[in-house]
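Notes follow the structure.
The structure is reproduced here in structure tokens:
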């Protein structure tokens, strides 16, 4: 078995992984990034709308500040986030955006003079200040008091990823693509690297590193209808869960995006609604102001998705062979705006839907989009349970999102957390001395080899049958609206599927070299465990908070549930072990009403000693 050595190993070469890699490489450390696909095909490239940062350059962002951004983030999280981390994020975001500009990101810039913008679906005139000419512009996104989403038309992820990838090449960071991480190398106390499977040759290879960073993105593919790419299967979270030591945080917090297209499930950006797009029902009636008079289409994503679902339940959805949907209307924005600021939306609609959004309505419905849960880490990005293991981006529960993240905050998180965690990785390495333990490497490799050996001799269901069964369960029983009966049914069915994975077979019997079936089969048991973490965590959380909406427990319960779920998995178990920790170490913004979404709140017992003021200088 080939063994590779480096100072820093990044599992994943999307925005978070590459930003950590850049930080470590600039400090002089040897960095290797593992990626299933070529880095520029990472799912980060699909992000459209933009990155939130309180720059206050545009007229509609005038007066913005990190404190206002922080308040929006906490309210968006439905008070489920770690407020210390949210403060770090809000303070760092403006710095990170300017750094990305320095690296070459072609942000949309302020053009002085009078412009036509949209608010509440209606046009208005605003004058951009002459003194702000050429500064980074911003657009509106849901759940924000100010317009602060920095953007490059609707291809922000693409532009930032290509910029960071170029920077990595300049710094000599090695990228090993077509490599699938299968297991963490550890001795029960210290993470030593990763065992990966070469998807070209089929061989196992060991990567030994002083610091290992999980940055593999989300796990949306446990659902059938998702905006996530096929590579978003939770690979990094699976390796952490399989240690039995590292917990996953808030796995029940799963976000559905209001505007997944029908039938493709490809996302069209929140920037459509931020720029003035509206949601219409079967009668082409704009219904969101009836539910949310103040925010309308720009309430937070969890609220808009629920309102859309409620409206369709009333029989006001558009019937189609693919199920009910609603309409997104951007026609009034005009051809020039659509083909410039929303050009990727235009391409998606015309190429994949056969719809011209300049003249036609776009069919949309809420679709699984984002995982607030992930590998639980502290404010430095250091994972619970194993020294030398870090996580960043969607793969991590850092936890600035709590139970719902605001649009634009996750894309910003990739470069903000990448910057913060990258610096902490460097600090860790400066005082570290690691002893390479051959036994730990061999043990990890042996476990993967045993899994492959077992699959080649299985006689039960194939991997695709079991994956599809899991996705069906998640769609039917663990969706936008949840209740105890459905969740229990979902948990029971997932446990049965997990049992069936024990005798999973390979139809191709394990061909040598490239073997896509084997790659999937190695993932499926872990994906089912992730699904159980979501379903079982949701079953036990008897309240509604953010994206977790219980029909049988509609109140947000701050008295009993202002906590974060931690899930670990013991070897041989059929369910995760759940424990809980305080949602935040202190309150800058005490729990209260979000200002949108409605719903009752059961207040908790607040301790005034836990309240601290916001400090923009606190990093």
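In my numbering, the protein residues as written are 604 to 1222.
For each residue, glycine too, the CB sits at the ideal point set by N, CA and C.
Paired residues, beta bridge with residue i - DSSP
{"i": "residue 1084", "result": "1152"}
{"i": "residue 799", "result": "784, 808"}
{"i": "residue 726", "result": "721"}
{"i": "residue 999", "result": "978"}
{"i": "residue 1065", "result": "1108"}
{"i": "residue 1203", "result": "In DSSP, residue 1203 forms no bridge with anything."}
{"i": "residue 971", "result": "829, 859"}
{"i": "residue 777", "result": "635"}
{"i": "residue 816", "result": "613, 993"}
{"i": "residue 966", "result": "930"}
Rounded straight-line distance, which links the Cα of residue j to that of residue i
{"i": "residue 645", "j": "residue 1062", "result": "35 Å"}
{"i": "residue 687", "j": "residue 851", "result": "19 Å"}
{"i": "residue 694", "j": "residue 1219", "result": "6 Å"}
{"i": "residue 1175", "j": "residue 917", "result": "45 Å"}
{"i": "residue 1076", "j": "residue 1096", "result": "7 Å"}
{"i": "residue 755", "j": "residue 810", "result": "36 Å"}
{"i": "residue 1132", "j": "residue 1172", "result": "8 Å"}
{"i": "residue 715", "j": "residue 740", "result": "11 Å"}
{"i": "residue 947", "j": "residue 651", "result": "8 Å"}
{"i": "residue 1157", "j": "residue 1024", "result": "36 Å"}
{"i": "residue 1112", "j": "residue 951", "result": "38 Å"}
{"i": "residue 866", "j": "residue 1049", "result": "43 Å"}
{"i": "residue 1094", "j": "residue 1100", "result": "10 Å"}
{"i": "residue 604", "j": "residue 869", "result": "40 Å"}
{"i": "residue 920", "j": "residue 912", "result": "9 Å"}
{"i": "residue 1066", "j": "residue 1119", "result": "11 Å"}
{"i": "residue 814", "j": "residue 697", "result": "27 Å"}
{"i": "residue 1026", "j": "residue 803", "result": "33 Å"}
{"i": "residue 1134", "j": "residue 838", "result": "13 Å"}
{"i": "residue 769", "j": "residue 628", "result": "13 Å"}
{"i": "residue 771", "j": "residue 812", "result": "18 Å"}
{"i": "residue 1123", "j": "residue 1213", "result": "47 Å"}
{"i": "residue 817", "j": "residue 845", "result": "14 Å"}
{"i": "residue 1011", "j": "residue 653", "result": "5 Å"}
{"i": "residue 1143", "j": "residue 717", "result": "53 Å"}
{"i": "residue 615", "j": "residue 808", "result": "16 Å"}
{"i": "residue 835", "j": "residue 764", "result": "17 Å"}
Best match in the options for proximity to residue i [C-alpha to C-alpha]
{"i": "residue 1086", "options": "1155, 773, 1095", "result": "1155"}
{"i": "residue 1208", "options": "1026, 1197, 1164, 652", "result": "1164"}
{"i": "residue 1202", "options": "990, 1162, 1147, 1171", "result": "1147"}
{"i": "residue 859", "options": "1152, 1182, 1204, 1128", "result": "1152"}
{"i": "residue 1110", "options": "619, 1003, 1064, 842", "result": "1064"}
{"i": "residue 725", "options": "1167, 933, 1127, 1098", "result": "933"}
{"i": "residue 861", "options": "928, 845, 762", "result": "928"}
{"i": "residue 987", "options": "821, 848, 1167", "result": "848"}
{"i": "residue 945", "options": "906, 1013, 871", "result": "871"}
{"i": "residue 658", "options": "680, 700, 625", "result": "700"}
{"i": "residue 609", "options": "736, 702, 775, 904", "result": "775"}
{"i": "residue 1104", "options": "1074, 1137, 1081, 1069", "result": "1069"}
{"i": "residue 984", "options": "973, 1139, 972, 1020", "result": "1020"}
Limits of the unbroken alpha helix (DSSP H) element including residue i
{"i": "residue 909", "result": "904-914"}
{"i": "residue 674", "result": "669-679"}
{"i": "residue 1053", "result": "1041-1059"}
{"i": "residue 1129", "result": "1119-1143"}
{"i": "residue 858", "result": "Element bounds for residue 858: not the alpha helix (DSSP H) but the beta strand (DSSP E), 857-864."}
{"i": "residue 1208", "result": "Neither: residue 1208 is in no alpha helix (DSSP H) and is coded neither H nor E."}
{"i": "residue 619", "result": "618-629"}
{"i": "residue 689", "result": "686-706"}
{"i": "residue 950", "result": "946-951"}
{"i": "residue 894", "result": "891-894"}
Residue i: first and last residue of the uninterrupted beta strand (DSSP E) it sits in
{"i": "residue 1036", "result": "That residue, residue 1036, is in no beta strand (DSSP E); it is neither H nor E in DSSP."}
{"i": "residue 1185", "result": "1180-1185"}
{"i": "residue 605", "result": "605-614"}
{"i": "residue 1171", "result": "1166-1171"}
{"i": "residue 634", "result": "634-638"}
{"i": "residue 881", "result": "881-883"}
{"i": "residue 932", "result": "929-932"}
Any non-hydrogen atom of the ligand PLP within 8 Å of residue i CB
{"i": "residue 695", "result": "Absent from the structure shown: the ligand PLP. Ligands present: none."}
| request: Determine, using beta-carbon pairs with one atom in the region 1038-1049 and one in the region 887-898, whether at least three such pairs fall under 8 Å. | output: no
| Okay, do the region 629-640 and the region 745-753 touch, 3+ Cβ pairs below 8 Å being the bar? | no
| field | Segment contact flag, the region 784-803 with the region 965-973, C-beta cutoff 8 Å, min 3 pairs | value | no
| query | Between the region 867-880 and the region 717-735, do three or more beta carbon pairs fall short of 8 Å? | reply | yes
| task | For the region 775-782 and the region 658-676, state whether three or more C-beta atom pairs, one from each stretch, are separated by less than 8 Å. | result | With a cut-off of 8 Å, the region 658-676 and the region 775-782 do not count as touching, because too few Cβ pairs lie within range.
| request: For the region 605-622 and the region 994-1010, state whether three or more C-beta atom pairs, one from each stretch, are separated by less than 8 Å. | output: yes
| said: I want to know whether the region 669-686 touches the region 1183-1193 - three or more CB-CB distances under 8 Å. | reply: At 8 Å Cβ cutoff, the stretches touch.
| message | Quick check: the region 954-964 against the region 1003-1012, are at least 3 beta-carbon pairs closer than 8 Å? | response | Note that the region 1003-1012 does not touch the region 954-964; fewer than 3 beta-carbon pairs, one per stretch, sit closer than 8 Å.
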